[in-house]
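Written below as structure tokens is the structure these notes are about.
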Amino acid sequence: MTLQLGIIADDFTGATDIASFMAQAGWNVIQLNGIPAEAVDMTGLDAIVISLKSRSCPASEAVALSRQAALWLNHHGCKRLYFKYCSTFDSTPEGNIGPVTDMLLQLMQSSLAVLCPALPVNGRTVTAGHLFVNGQPLNESGMENHPLTPMTDANLMRVMEKQASGACGLVPLSCVHAGNVAIQAKITELQAEGKRYAVLDAMTEEDLLTLAAALPEGVLLTGGSGLAGALATLQPGNGLNDATELFATAGKAIVLAGSCSSMTNQQVQHYRQLAPSRAVDVPRAVEDSSAYLEELVDWCQSQSGALAPMIYATRPAEEVKALQARFGVKVAGSAIENLLASLAVKLSQSGVNKIIVAGGETSSLLVQRLGVSGFTIGKSIAPGVPWVKDVNRPLWLALKSGNFGDERFFATAQEIFHER
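Letter 369 of the sequence shown, counting from 1, is numbered 369 in UniProt numbering, and no numbers are missing.
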């Protein structure tokens, strides 16, 4: 059976994000964590999402991983490839969005890639090629303070050209509103001009549906989850992804926050008022990780109450910069990710089977350490954030991109388990 889409996601929160939008639109979707080593049952599937930890690694590594994923998807009959990255276009002047896109263009023998990070339901819009987050330019939205991929320019054409090998054009909002013929004519014009990439303006869900209907099959699809959700809405699937049973009769939960985004800071502050919470001591995570890990395990296991305890590394931007100056960006980030991932593994071995995680890098490493080969997609907690279940055991995770959800997200995620 032909799969409608094969998606390569550059982190694990982004993978669950795009999978949830397609599942809600009626497609049967499975998420695979890394390139599968064993056979995968694809009966009745409309799409497969392969999640990689390739957003912030060296560009050469991201390209190699993405190439392997693309070859696997092609071999297994995917009709079309889709490169999924964050709706805030997270990358640096070195990559990794540009280099991976260039590799996929060459591999697929395509002359043009469209760039569509717009996700209006979560406040991500693109106009005149500039990305806005809740009405603020990307570089004034808080993303300029991201600890790993600070975004200092809202102009996506400039951002792309700094890290890719070709020129970038624009399909403006006027063309989108004019419909299929105008969109296709603009794409043909950009190809004739030698453009390798085209940013797609989109302000509304209707704009995304218009684009999804108009894009020629020969172009490479890249972007956030909004365009994929629109494609799934327009193309009937095999039926709504069987809603994974999420009501565990036993087991405990934990909240682990590694993101330092503006929204996660709000979520952490709100949840601290509701449940036992403990901030990560970064110097100890760097210098005394083994003993500190055991101390945190003991603390988590000693907590009781209606809501799960929370361990958080989330901090305001100025505190993050001070820690990075003291320890180095990579050392501080790696120590925190490793601590939270190790904590998740230890707790999962002692009865914790519901893990709520904030932060893409944290989520990716945590899922790898837990040895999860794939997920089925469950109920959405917020747009782009579903509960997902390990395909091999009763382990549930909610993997949240930093800025997704409202301030009650951590509590809301747990309330879903009590619904009947």
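Yeah, the Cβ is synthetic: ideal placement off N, Cα and C, and Gly gets one too.
Sheet register partners of Ala358 (DSSP bridge): Ala257 and Lys400
Cβ distance (whole Å) where Ala164 is taken to contact Asp102 below 8 Å: 6 Å
State the CB to CB distance for the pair Ser401 and Gly374, rounded to an integer number of angstroms; the pair is presumed to be in contact (CB under 8 Å). Contact flag wrong, Cβ pair sits at about 19 Å.
Across the region 181–192 and the region 232–239, are there enough close Cβ pairs to call them in contact, namely three or more that are closer than 8 Å? no
With DSSP as the reference, please indicate the residues paired to Ser51 in a beta bridge. Ala9 and Asn33
Counting beta carbon pairs with one atom in the region 386–400 and one in the region 59–75, are three or more of them shorter than 8 Å? no
Go ahead and pull the three-state DSSP assignment for Tyr292. Tyr292 falls in the helix class under three-state DSSP.
Measuring alpha carbon to alpha carbon, tell me which residue in Arg326, Leu112, Asp90 and Thr210 is nearest Thr13. Measuring C-alpha to C-alpha distances from Thr13 to each of Arg326, Leu112, Asp90 and Thr210 identifies Asp90 as the nearest.
Where do the ends of the beta strand (DSSP E) carrying Arg278 lie? Ser277 to Ala279 is the extent of the beta strand (DSSP E) around Arg278.
Can you tell me which of the three DSSP states Tyr271 falls into? helix
Inter-residue spacing [alpha-carbon to alpha-carbon] between Leu323 and Cys260: For Leu323 and Cys260, the distance between alpha carbons rounds to 12 Å.
Under DSSP, the alpha helix (DSSP H) around Ser334 begins and ends at which residues? Val329 to Ser348
Leu119 versus Ala291 - alpha carbon distance: 42 Å
DSSP-derived helix/strand/coil call for residue 438: Residue coverage of the chain in this structure runs from 1 to 420, which leaves residue 438 outside it and unanswerable.
Determine the direct distance from the alpha carbon of Asp11 to that of Ser20, and round the result to whole angstroms. In this structure, the CA atom of Ser20 is about 15 Å from the CA atom of Asp11.
Return the chain-ordered list of same chain residues with a C-beta closer than 8 Å to the C-beta of Leu265, the five sequence neighbours on each side being excluded. The sequence as given places Asn at residue 265; Leu does not occur at that position. Counting only residues of its own chain and dropping the five nearest sequence neighbours on each side, Asn265 has a CB closer than 8 Å to the CB of Thr314, Arg315 and Pro316.
Can you tell which of Gly360, Leu370 and Leu173 has the C-alpha that lies nearest to the C-alpha of Ala15? Ranked by how close their Cα comes to the Cα of Ala15, the residues Gly360, Leu370 and Leu173 have Gly360 in first place.
Unbroken beta strand (DSSP E) run spanning Trp387, endpoints: Val385 to Asp390
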